[in-house]
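See below for the structure under consideration.
Next up, the structure:
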């Protein structure tokens, strides 16, 4: 009998943390009595909305890009992304003294496009419901000699994302559960690797939008299954199939997946705005939505949450959450 | 020749800080490279939007209420307020084991009314453009034997508000200027008292909405002058005359007043939302608006800002700032 080696280990996450020190923000952990009272548990919020580029994605992108050879870096890097990974790769390129080309859906939020261009990246667009972004990005990269930094299917990317959980647990000590959004699965794979290495008994709960429950279905099936391209406000989780590498980690380490509706996500964004005074984008609000809507069974006394990002512009927030204004 | 004694001293602010320890939050000081680049100075944001009740007002209300006699506390407290002071007094009452009656304008934001009632206070409403809130509150207090906790005209209230600047400067060290919103003048009176005691050379800049420039006019005239009841989105600054006690402090310690338009306030709220990922209410955004709109002359290298509150509900934010949604 043989076992496949894990794509990442806790040492990889610790190595990433050392590399990110002084480059990524050590984001604050917020706590709200009101939230605790509503949820019935002590909830500790790791605020990656305050991360550079407004999302955890900078951790993985910088960790991966910083390990390229000087020759690879000199030629430049490329990425495909629904938004935050785009900004992350653009900023990582700038920090490392090179340039980035980003393949981005035409309907990506305006603030994400503007921010990506603001970091000096070149943008190539495609139709989210038609084009194959991976093929387009691979073609662009091959043509120009660029190195692709994938959004989740890479050990260095997963390890970088895991530093969010490492920092959280260093600050909070043992937690009974950790909730994180699941899109491609890189964030939760890295976070679960770190969390279970530190505290073997921690329960890892992923959160997906109802329309994009590919990881939930895949975990139930014991193999990667696809769903139709999800139409959800959680644009960071509009993916139809789990990653191969990420799923190989998540099938071992993720204990449960909670699903949330778009209305529950909206309510969580409003709660974050009105009670916590922070801005959380739809995908970033999914774990909070799962807690507020009682979608997580057997909640322990202390729960960590990765609030993964805050990139939603004021107009879109108004459209999504401004009940009387639309 | 005689001199009038100052209504508050630095010792009063330090006493308030000791009393507030473990009761009020020591709020975080945020910093943004993007903001620094735009403004051309290092800007340090004291985030009182993360304070209990979502605004600095809890500091002064608790400091004042906590000094009442057991007999006064047993009978209960009362307040008149456009919003945040209401919540502050309601929470202070609850924390001190008593009850509060709050006189509030009919058009106060829904979230402020709900939060005030949530702390167990009773609300009495009046017409902002008709009724005399002070007279109404005094009548209610007299009738029921309650002690009024004024929103700014009280040494203990001013001293409590000053702890925001004390905490900021303890964390940042010397700053060239401190910007704070001016409504009744209690926040800036307390903050200026603390700041000038610590660093004699610090420049104190108050910020008012253009429609409510009563303190600017009063400082220019050398005496308290009134303006018509201001119609501005900055509901925490919709006052027509500076306080007597607060003006006696501010005429000595405030170096300049900057004015901002409602559109500049909206832009600052959007900036806080989209770039800083935090929620700031209109009045709380006025100092940020003054910086972003270059309304402050002779800006030094390092500037402190009191972001005084974050109580704006999502609907109102959408109406104010959701450009395409209204």
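Residue numbers (the numbering used here), protein chains in the order written: chain A, 1 to 326; chain B, 1001 to 1326. Note that the Cβ used here is the ideal one computed from N, Cα and C, for glycine as well.
Quick check: is the beta carbon of residue i nearer than 9 Å to any beta carbon in chain A?
i, result
"residue 1086/B", "no"
"residue 1319/B", "yes"
"residue 1121/B", "no"
"residue 1192/B", "no"
"residue 1322/B", "yes"
If we cut at 9 Å on Cβ distances, does residue i have a partner in chain B?
i, result
"residue 277/A", "yes"
"residue 111/A", "yes"
"residue 274/A", "yes"
"residue 94/A", "no"
"residue 177/A", "no"
"residue 28/A", "yes"
"residue 130/A", "no"
"residue 325/A", "Low per-residue confidence applies at residue 325/A: pLDDT is 38, beneath 50, and the placement is therefore not dependable enough to give any value."
"residue 13/A", "no"
Considering just the uninterrupted stretch of the beta strand (DSSP E) at residue i, what are its terminal residues?
i, result
"residue 126/A", "122 to 126"
"residue 1100/B", "1100 to 1105"
"residue 155/A", "First-last for residue 155/A: 155 to 172, but that is the alpha helix (DSSP H), not the beta strand (DSSP E)."
"residue 1257/B", "1256 to 1260"
"residue 178/A", "177 to 181"
Per DSSP, what are the beta-bridge partners of residue i in this structure?
i, result
"residue 1147/B", "1077/B"
"residue 1307/B", "1047/B"
"residue 1270/B", "Looking at the DSSP assignment, residue 1270/B forms no beta bridge with any residue, so it has no partner."
"residue 278/A", "1278/B"
"residue 68/A", "BP columns for residue 68/A are empty, so no partner."
"residue 1029/B", "1046/B"
"residue 1217/B", "Residue 1217/B pairs with nothing; no bridge assigned."
"residue 302/A", "42/A"
"residue 1055/B", "1309/B"
The alpha helix (DSSP H) with residue i in it runs from where to where?
i, result
"residue 1204/B", "Where residue 1204/B is concerned, there is no enclosing alpha helix (DSSP H), although the beta strand (DSSP E) it sits in stretches over 1203 to 1209."
"residue 287/A", "286 to 292"
"residue 352/A", "Not covered by the structure: residue 352/A. The range shown for chain A is 1 to 326."
"residue 87/A", "84 to 95"
"residue 111/A", "110 to 118"
"residue 1189/B", "1186 to 1198"
"residue 1246/B", "1244 to 1253"
"residue 1235/B", "It is not in any alpha helix (DSSP H) - residue 1235/B carries neither H nor E in the DSSP assignment."
"residue 1012/B", "1010 to 1020"
Is there at least one Cβ from chain C nearer than 9 Å to residue i's Cβ?
i, result
"residue 1141/B", "Looking for chain C here will not work: the only protein chains present are A and B."
Quick test of the definition: if touching needs 3 or more C-beta pairs under 8 Å, does the stretch 270 to 283 of chain A touch the stretch 1299 to 1316 of chain B? Yes, the stretch 270 to 283 of chain A touches the stretch 1299 to 1316 of chain B.
When you check each C-beta in the stretch 1032 to 1056 of chain B against every C-beta of chain A, which residues fall closer than 7 Å? Closer than 7 Å at the C-beta level to chain A, one finds these residues of the stretch 1032 to 1056 of chain B: 1049, 1050, 1054.
Quick one: which residues of the stretch 1217 to 1235 of chain B get their C-beta closer than 7 Å to a C-beta of chain A? List them in chain order. Only those residues of the stretch 1217 to 1235 of chain B whose C-beta falls short of 7 Å from the nearest C-beta of chain A would be listed, and there are none.
Would you call the stretch 288 to 299 of chain A in contact with the stretch 1009 to 1020 of chain B, where contact means no fewer than 3 C-beta pairs closer than 8 Å? In this structure the stretch 288 to 299 of chain A does not touch the stretch 1009 to 1020 of chain B; the number of beta carbon pairs closer than 8 Å is below three.
The stretch 134 to 145 of chain A in contact with the stretch 94 to 110 of chain A per 3-pair CB rule at 8 Å: As far as the Cβ criterion goes, the stretch 134 to 145 of chain A touches the stretch 94 to 110 of chain A, which means the pair count is three or higher.
Tell me, please, whether the stretch 74 to 82 of chain A touches the stretch 138 to 157 of chain A by the rule of three or more beta-carbon pairs shorter than 8 Å. The stretch 74 to 82 of chain A, when compared against the stretch 138 to 157 of chain A, does touch it at the 8 Å Cβ threshold.
Would you call the stretch 184 to 200 of chain A in contact with the stretch 63 to 70 of chain A, where contact means no fewer than 3 C-beta pairs closer than 8 Å? With a cut-off of 8 Å, the stretch 63 to 70 of chain A and the stretch 184 to 200 of chain A do not count as touching, because too few Cβ pairs lie within range.
Tell me whether the stretch 1227 to 1238 of chain B and the stretch 1178 to 1191 of chain B touch, counting them as touching only if at least three CB pairs, one residue from each stretch, are closer than 8 Å. Touching, yes.
To be precise: take each residue of the stretch 1291 to 1316 of chain B, compare its Cβ to all Cβ atoms of chain A, and keep it if any distance is under 7 Å. Which residues remain? Correct list: 1310, 1313, 1314, 1315.
Compile a chain-ordered list of the residues in the stretch 1257 to 1270 of chain B whose CB is closer than 9 Å to at least one CB of chain A. Those would be 1269, 1270, in chain order.
Counting beta carbon pairs with one atom in the stretch 214 to 227 of chain A and one in the stretch 251 to 262 of chain A, are three or more of them shorter than 8 Å? Flag = yes, the stretch 251 to 262 of chain A and the stretch 214 to 227 of chain A touch.
At a cut of 8 Å, does the stretch 164 to 177 of chain A reach the stretch 46 to 55 of chain A through at least three beta carbon pairs? Short answer: they touch.
With a cut-off of 8 Å, do at least 3 Cβ pairs link the stretch 83 to 98 of chain A to the stretch 114 to 131 of chain A? Here the stretch 83 to 98 of chain A makes contact with the stretch 114 to 131 of chain A; the two share three or more CB pairs at distances below 8 Å.
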